[in-house]
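Novice:
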Amino acid sequence: MKLLSKYNRIYLTASIIVFLFIGIVYYFVISFVLIEQLNHSLKDKLNEIQTYANTNKALLPIANSRHQIIFYKPTLSPPERRKFSNVPEFVKEDNEMIQFRQLRTVIAVDDQNYEVIIREPETETDDLIQLILVITSIIAVFFILMLFVINRFLLQKMWKPFQYILAQIQRFNLSTQTGITVQETDITEFEDLNNAVLSMSGKVNQEYHSLKNFTENASHEMQTPLAVLNARLDLLIQNDDISEKEIGQLQEMYGAVNRLTRLNKSLLLLTKIENRQFSETESVQLDQLIEEKIIQFSDLISARNITIEKEIRPTELKMNHQLAEIIINNLLINAINHNHENGSITISLEHDELMISNTGSPLTVDPEKVFERFQKSEHSEGLGLGLAIVKQICDRYNFIIRYSQNEDLHIIRLVF
Amino acid sequence: MKILIIEDEKVIRESIVTYMTDERYLCEIAVDYPSALEKIEMYDYDCILLDITLPGGNGLSLLKELKKTNRLDGVLIISARNAIDDRVEGLNLGADDYLTKPFHLSELSARVAAIIRRKQFEGNNELQFNEISIDTFAKTISINNLPLDLTRREYDLILFFVTNKNRVISKNAIAEHLWGDEMDAIDNFDFIYTHIKNLRKKLTDIGCEDYIHSIYGMGYKFSNQ
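Residue numbers (our numbering), protein chains in the order written: chain Z, -19 to 396; chain A, 22 to 246.
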């Protein structure tokens, strides 16, 4: 969950618990204090009665009111210590039960023992306690809310530099060379983060550039001598007085140069895919692509008298168009090349799976290694890179590709 | 036809000169950026072969120079870099075509011829070789003024032959010209033989001489004898 939400949650829970705790303690303390006050009042009255009794050898005349009630009752019990208690009594005027604080003792007045009971109602104290609690609760709620609001706005503002650099990191794209900018901040941790990200992206960009340059330069270096060979061969064959033997040798050289060229191009392609070049993505209509490729290779297909069965549903994929072309290209060429005369190819395309299978002689390569580089069957003149390139592209987009064999049928399944 | 070849690699440059001179082009050369700039400023050409990986200044800047002054020279970019960005930039800057090394000389020749034909829009749309007459604008062909129906591939093939007449063209070159990059993975060229056979039959059936000669083990030559 978001940091803010977590923080708020913890903070609110803690605040509520603390306030609850404080509230309870507060309640008991206030209650205690107020009850003590009542006790003092009762004690004072008792002392007054006691002093009067000692001085005048009589009981203090009483005037009972709502606020204080005094009972005298002659008793045979000996004098005892005073005792406090809470006593609920029904009060007729208020028509309800009211809690009284009572002080009871037995005193001696001129040879006669009297039970003295002094009572004061707790209602006032109760009301007071309630009022105090309500005010305290309101203050607490207000306090919590205020802090909640402040936190929300203040914290959001304080985290802005972080959000900014996070967005920058997410936007960062090596191949389009988006630069990273930072937001000024006086918070040390964010400043450190900014600097770390800047330096890291700088280094990464640099390495990407040098790597990209390397692959391109390597290709350039290799293509030029190949071009030289090709050009010279083109001119050599114009010679009228070449013997048949020499022609054969020339053709071999041609073949070798051609092979080298293809090899170079394919390896370069593999490296580029690995380096995450080809980053533009668009909506590719796979079904259309397959149809186009079938038409493109129609000469080849009819030359070998291969029949094509297809069950193709309109399927759209978001990926680089070139890479999609390469996948279809290589898979189809593979199916054609490793087929026999009058063989067949079956293609089925659904929204999450492509399956292409072809008849052909059994594999001479370890089926587990079919997608590795330079794996090819003995009869093939191919480079052994076609499927490796397809696998590389699949890895890039997290497609799953599997090869399986069923008697004389070779099946490749691609799951998007 | 006058062409300028801007290429720093000696062997490639000389090979192009030899081949194109045999094709009756007048060839001028430039080996680096400064001399290329000089030549361009002083003369006009029907087609300029520009290697953009020139030392002493990016070849693309040469292209920019050309386009600044609204020149009509055709431009064919040759490059060892198959980088898409270069290709797109080059074509956007007004180049007529882009060819990556290594290429077959016959392919180069065919493309130069195509560029020149396009540039001379009102003029020379017709290619003539004895009784064969090719209208490159309408993409039709007639033998002794009799129209001949050819498939797209067969048309491309006869055009390729006529443009490179009297040259020995390897099977590789033909395959690459007709099928482009996909040819990379094809194992053998036997089906080229089928196409040539069909073309030959159509030509001879309509009364044309067979100018397509097989050069054993190598390829074909389109010539008079």
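For every residue, glycine included, the Cβ atom is placed at its ideal position computed from N, Cα and C.
Values in this document were obtained by computation on a predicted structure and should not be read as measured data.
Among Z:K349, Z:N314, Z:A236 and Z:N(-12), whose alpha-carbon lies nearest the alpha-carbon of I130 of chain Z?
Specialist: Z:N(-12)
Novice: How is M63 of chain A classed by DSSP in three states: helix, strand or coil?
Specialist: DSSP places M63 of chain A within a helical segment (H, G or I) once states are collapsed to three.
Novice: With H, G and I counted as helix, E and B as strand and the rest as coil, what does DSSP make of L440 of chain Z?
Specialist: Here chain Z comprises residues numbered -19 to 396, so residue 440 of chain Z is not present and cannot be evaluated.
Novice: For the segment 276 to 289 of chain Z, which residues have a beta carbon sitting closer than 9 Å to at least one beta carbon of chain A?
Specialist: Q276, F277, D279, L280, S282, A283 and R284
Novice: List the residues of chain C that S191 of chain A touches, going by C-beta distances under 9 Å, in chain order.
Specialist: Absent from the structure: chain C. Protein chains present are Z and A.
Novice: If we call anything under 8 Å between Cβ atoms a contact, is E87 of chain A one with I50 of chain A?
Specialist: The question names Glu, but residue 87 of chain A is Leu in the sequence shown. Against a cut-off of 8 Å, the Cβ pair of I50 of chain A and L87 of chain A comes out as no contact.
Novice: From A:M239, A:E28, A:F243 and A:I26, pick the residue whose C-alpha is nearest to that of E230 of chain A; which is it?
Specialist: A:F243
Novice: Indicate whether at least one CB of chain Z lies closer than 8 Å to the CB of T74 of chain A.
Specialist: yes
Novice: With distances taken from CA atoms, which of A:T161, A:I195 and A:I153 is nearest R245 of chain A?
Specialist: Note on identity: in this sequence residue 245 of chain A is Asn, with Arg being the wrong assignment. When only C-alpha atoms are compared, the closest one is A:I153.
Novice: What does the alpha-carbon distance come out to for the pair V86 of chain Z and L125 of chain Z?
Specialist: 55 Å
Novice: According to DSSP, simplified to helix, strand and coil, what is K218 of chain A?
Specialist: helix
Novice: Work out the CA separation of V52 of chain A and D177 of chain A for me, nearest whole Å.
Specialist: 33 Å
Novice: Would you call the segment 167 to 180 of chain Z and the segment 132 to 143 of chain Z touching, i.e. three or more CB-CB distances under 8 Å?
Specialist: yes
Novice: Any Cβ of chain Z within less than 8 Å of the Cβ of T184 of chain A?
Specialist: no
Novice: Could you check whether L250 of chain Z and R132 of chain Z sit closer than 8 Å to each other, using their CB atoms as the reference points?
Specialist: No, the Cβ-Cβ distance between R132 of chain Z and L250 of chain Z is not below 8 Å.
Novice: Over what stretch of residues does the alpha helix (DSSP H) that includes D43 of chain A continue unbroken?
Specialist: K31 to D43
Novice: Run through chain Z and tell me which residues come within less than 9 Å of G238 of chain A, C-beta to C-beta.
Specialist: E224, I227, G228, L230 and Q231
Novice: Run the CB neighbour count on T161 of chain Z, radius 10 Å, all protein chains shown included, and call it buried at 16 or more, exposed below.
Specialist: Classified as exposed, T161 of chain Z has fewer than 16 neighbouring CB atoms from the shown chains inside 10 Å of its CB.
Novice: Hey, is I33 of chain A's beta-carbon within less than 8 Å of any beta-carbon in chain Z?
Specialist: yes
Novice: Report the partner residues of R84 of chain Z according to the DSSP bridge assignment.
Specialist: Bridge partners of R84 of chain Z: Z:K63 and Z:I97.
Novice: According to the neighbour-count rule (16 or more other Cβ atoms, all chains shown, within 10 Å of its Cβ), is N46 of chain Z buried or exposed?
Specialist: Reading off the sequence, residue 46 of chain Z comes out as Arg, not Asn. So R46 of chain Z counts as exposed.
Novice: Say whether chain Z places a C-beta atom closer than 8 Å to the C-beta of H125 of chain A.
Specialist: yes
Novice: Give the list of continuous beta strand (DSSP E) stretches no shorter than 3 residues that lie fully inside the segment 250 to 330 of chain Z.
Specialist: 262 to 265, 287 to 292, 296 to 299 and 324 to 330
Novice: For F277 of chain Z, count the other beta carbons within 10 Å of its own beta carbon; 16 or more makes it buried, fewer makes it exposed. Which is it?
Specialist: buried
Novice: Is there at least one non-hydrogen atom of the ligand GDP closer than 7 Å to the beta-carbon of F12 of chain Z?
Specialist: In the structure on display, the ligand GDP does not appear, and there are no ligands present to speak of.
Novice: Does the structure place the segment 105 to 115 of chain Z close enough to the segment 6 to 18 of chain Z that three or more beta carbon pairs sit under 8 Å?
Specialist: yes
Novice: Below 8 Å between beta carbons: does that hold for E104 of chain Z and F80 of chain Z?
Specialist: In terms of Cβ geometry, E104 of chain Z and F80 of chain Z do not form a close pair [threshold 8 Å].
Novice: Under 8 Å between beta-carbons, which chain Z residues line up against E30 of chain A? List them in chain order, please.
Specialist: Neighbours of E30 of chain A across chain Z, judged by C-beta separation under 8 Å: T204, A207 and V208.
Novice: Any idea what DSSP makes of G95 of chain A, helix, strand or coil?
Specialist: The three-state secondary structure of G95 of chain A, taken from DSSP, is strand.
Novice: Could you work out which residues of chain Z lie near R188 of chain A, taking near to mean beta carbons separated by less than 8 Å?
Specialist: Q218
Novice: Go ahead and label Q268 of chain Z buried or exposed: buried means 16 or more other beta carbons lie within 10 angstroms of its beta carbon, across all protein chains shown.
Specialist: exposed
Novice: For Q302 of chain Z, which residues in the same chain have their Cβ closer than 7 Å to its Cβ, ignoring the five residues on either side in sequence?
Specialist: F258
Novice: Within 10 Å of its beta-carbon, does F379 of chain Z have 16 or more other beta-carbons around it, so buried, or fewer, so exposed?
Specialist: It counts as buried.
Novice: Could you check whether the Cβ of S341 of chain Z sits closer than 8 Å to any Cβ belonging to chain A?
Specialist: no
Novice: What do you reckon, are the CB atoms on I270 of chain Z and I286 of chain Z nearer than 8 Å?
Specialist: no
Novice: Report yes or no: is there a C-beta of chain Z within less than 8 Å of the C-beta of A101 of chain A?
Specialist: True, the Cβ-Cβ gap to chain Z drops below 8 Å.
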